[in-house]
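Peer 1: Start counting the sequence shown at 1; every next residue gets the next number (the working numbering). A single structure is presented below for examination.
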Amino acid sequence: MYLLLRRLQSWRAEMRARGAFSSAELAELEDHLLEEAGRLAEAGRSDDGAFLEALRRLGTDDELVEQFRLSRAGMPAPLGAWAGWAVAA
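The following block contains the structure:
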(Lines of atoms letter the chains of each structure in order from A; the text may use other names.)
(Lines give C-alpha, C1' and ligand atoms only; values in the text may rest on other atoms or scores of the structure.)
Protein backbone atom coordinates (compact mmCIF):
# COMPACT_ATOMS: atom_id res chain seq x y z
CA MET A 1 0.00 0.00 0.00
CA TYR A 2 2.90 2.36 0.74
CA LEU A 3 4.24 1.96 -2.80
CA LEU A 4 0.79 2.68 -4.23
CA LEU A 5 0.50 5.90 -2.21
CA ARG A 6 3.97 6.97 -3.31
CA ARG A 7 3.11 6.30 -6.97
CA LEU A 8 -0.11 8.28 -6.62
CA GLN A 9 1.69 11.22 -5.00
CA SER A 10 4.32 11.17 -7.73
CA TRP A 11 1.70 11.04 -10.50
CA ARG A 12 -0.27 13.88 -8.90
CA ALA A 13 2.87 16.03 -8.57
CA GLU A 14 3.82 15.39 -12.21
CA MET A 15 0.35 16.29 -13.43
CA ARG A 16 0.23 19.41 -11.26
CA ALA A 17 3.65 20.47 -12.57
CA ARG A 18 2.34 20.34 -16.14
CA GLY A 19 0.00 23.17 -15.23
CA ALA A 20 -2.58 21.91 -17.71
CA PHE A 21 -5.29 20.95 -15.21
CA SER A 22 -7.33 22.82 -12.64
CA SER A 23 -7.52 21.38 -9.13
CA ALA A 24 -11.02 20.08 -9.90
CA GLU A 25 -9.88 18.41 -13.12
CA LEU A 26 -6.93 16.82 -11.37
CA ALA A 27 -9.24 15.52 -8.63
CA GLU A 28 -11.53 14.06 -11.32
CA LEU A 29 -8.62 12.32 -13.02
CA GLU A 30 -7.41 10.96 -9.70
CA ASP A 31 -10.91 9.62 -8.93
CA HIS A 32 -11.04 7.82 -12.28
CA LEU A 33 -7.56 6.44 -11.74
CA LEU A 34 -8.33 5.12 -8.26
CA GLU A 35 -11.70 3.66 -9.32
CA GLU A 36 -10.08 1.74 -12.16
CA ALA A 37 -7.18 0.60 -9.95
CA GLY A 38 -9.72 -0.60 -7.38
CA ARG A 39 -11.63 -2.61 -9.99
CA LEU A 40 -8.41 -4.19 -11.22
CA ALA A 41 -7.29 -5.02 -7.67
CA GLU A 42 -10.67 -6.64 -6.97
CA ALA A 43 -10.15 -8.72 -10.11
CA GLY A 44 -6.91 -10.08 -8.64
CA ARG A 45 -4.16 -7.66 -9.65
CA SER A 46 -1.62 -6.56 -7.08
CA ASP A 47 -2.07 -2.99 -5.86
CA ASP A 48 0.98 -1.88 -7.81
CA GLY A 49 0.00 -3.77 -10.95
CA ALA A 50 -3.55 -2.44 -10.75
CA PHE A 51 -2.33 1.14 -10.41
CA LEU A 52 0.08 0.84 -13.33
CA GLU A 53 -2.58 -0.71 -15.57
CA ALA A 54 -5.10 1.95 -14.53
CA LEU A 55 -2.55 4.62 -15.49
CA ARG A 56 -2.08 2.98 -18.88
CA ARG A 57 -5.85 2.86 -19.45
CA LEU A 58 -6.31 6.46 -18.37
CA GLY A 59 -3.94 7.59 -21.10
CA THR A 60 -0.63 9.33 -21.44
CA ASP A 61 -0.13 12.78 -20.00
CA ASP A 62 -0.25 14.26 -23.50
CA GLU A 63 -3.48 12.41 -24.33
CA LEU A 64 -5.11 13.68 -21.14
CA VAL A 65 -4.04 17.25 -21.82
CA GLU A 66 -5.51 17.03 -25.33
CA GLN A 67 -8.78 15.48 -24.13
CA PHE A 68 -9.28 18.21 -21.55
CA ARG A 69 -8.32 20.91 -24.06
CA LEU A 70 -11.00 19.62 -26.42
CA SER A 71 -13.61 19.35 -23.68
CA ARG A 72 -12.95 22.94 -22.61
CA ALA A 73 -13.46 24.01 -26.23
CA GLY A 74 -16.81 22.21 -26.29
CA MET A 75 -15.61 19.48 -28.63
CA PRO A 76 -16.12 15.78 -27.91
CA ALA A 77 -13.02 14.06 -26.59
CA PRO A 78 -11.58 11.27 -28.74
CA LEU A 79 -12.59 7.75 -27.81
CA GLY A 80 -9.03 6.49 -27.79
CA ALA A 81 -6.28 5.58 -30.17
CA TRP A 82 -8.35 2.77 -31.70
CA ALA A 83 -11.35 5.01 -32.53
CA GLY A 84 -10.02 6.05 -35.93
CA TRP A 85 -9.37 2.45 -36.88
CA ALA A 86 -12.91 1.43 -35.91
CA VAL A 87 -14.41 4.21 -38.03
CA ALA A 88 -12.19 3.35 -40.99
CA ALA A 89 -13.12 -0.33 -40.89
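Just so you know, even glycine gets a beta-carbon here, dropped at the ideal spot from N, CA and C. Small disclaimer: the values here were computed from a predicted structure and weren't measured.
1. Quick check on residue 33: buried or exposed, where buried means 16 or more other Cβ atoms within 10 Å of its Cβ?
2. Jot down the residue ranges of each uninterrupted alpha helix (DSSP H) in the segment 42-69, minimum 4 residues, whole runs only, in chain order.
3. My output table needs one value for residue 37: the three-state DSSP class, helix, strand or coil.
4. Can you name, in chain order, every residue of its own chain whose Cβ lies under 7 Å from the Cβ of residue 41, other than the five neighbours on each side?
5. If residue 68 sits next to residue 25, beta carbons under 8 Å apart, how far is it from one beta carbon to the other, in whole angstroms?
6. For residue 1, count neighbouring Cβ atoms within 10 angstroms of its own Cβ and tell me buried if that reaches 16, exposed if not.
7. May I ask which residues mark the beginning and end of the alpha helix (DSSP H) holding residue 15?
8. Helix, strand or coil for residue 73? Go by DSSP, reduced to three states.
Peer 2: In short:
1. buried
2. 47-58
3. Three-state DSSP puts residue 37 in a helix.
4. For residue 41, the CB contacts under 7 Å within the same chain, skipping 5 residues up- and downstream, are 47 and 50 in chain order.
5. With a Cβ gap of about 6 Å, residue 68 and residue 25 count as contacting.
6. exposed
7. 2-18
8. coil
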